[in-house]
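Be aware that the sequence shown starts at 1, since it is given in UniProt numbering, and climbs by one per residue. A virtual CB, placed ideally from N, CA and C, is assigned to each residue, including glycine. This report refers to the structure that appears directly beneath it.
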Amino acid sequence: FYWDLCMLLLLVANLIILPVAISFFNDDLSTRWIAFNCLSDTIFLIDIVVNFRTGIMQQDNSEQVIIDPKEIAKHYIKTWFFLDLLSSIPLDYIFLIFNSIRGN
1 FYWDLCMLLL LVANLIILPV AISFFNDDLS TRWIAFNCLS DTIFLIDIVV NFRTGIMQQD
61 NSEQVIIDPK EIAKHYIKTW FFLDLLSSIP LDYIFLIFNS IRGN
């Protein structure tokens, strides 16, 4: 519960801060902004690992939790893994790296 709440708060913070930073502070990337962005990207990537280790409820409503890592991985890959992976890729840093390589 607490991990999901932290992830929700981080997501809402990114939804508010990211558009404001892009719109108004694009040329002035402060150290605090870069630190926040790196930290949030890292936490989103850690969330993928956490989801591979989180038990899942059995589908037949028996209120039993499946803790077999192979079953958890199969279920996670079939449901949210690719969306989580796609949304966790730090594209802004990838673009910065490619632009600096192309510029030099």
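(message) F36 and S88 - do their beta-carbons sit closer together than 7 Å?
(response) Position 88 of the sequence shown, counted from the start, is the residue given in the question as residue 88. Position 36 of the sequence shown, counted from the start, is the residue given in the question as residue 36. No, the Cβ-Cβ distance between S88 and F36 is not below 7 Å.
(message) Is it buried or exposed, D47, if we count other Cβ atoms within 10 angstroms and call 16 or more buried?
(response) Counting from one through the sequence shown, the residue named residue 47 turns up at place 47. Buried.
(request) Ignore the nearest five residues each way along the sequence and tell me which others in M7's own chain have a CB closer than 7 Å to its CB. (result) Along the sequence shown, read from residue 1 onward, the residue named residue 7 stands at position 7. Answer for M7: D47, listed in chain order.
(request) Provide the residue span of the alpha helix (DSSP H) that contains I17, from first to last. (result) One-based indexing of the sequence shown puts residue 17 at position 17. Element bounds for I17: 2 to 24.
(message) Give me, in chain order, the residues of the same chain whose beta-carbon lies closer than 8 Å to that of D92; leave out the 5 immediate sequence neighbours on both sides.
(response) Walking along the sequence shown from the start, residue 92 turns up at place 92. Here the set comprises N37.
(message) Just verifying my parser: in three-state terms, what is the DSSP assignment at I34?
(response) Within the sequence shown, numbered from 1, the residue matching residue 34 stands at position 34. DSSP places I34 in helix when its eight states are reduced to three.
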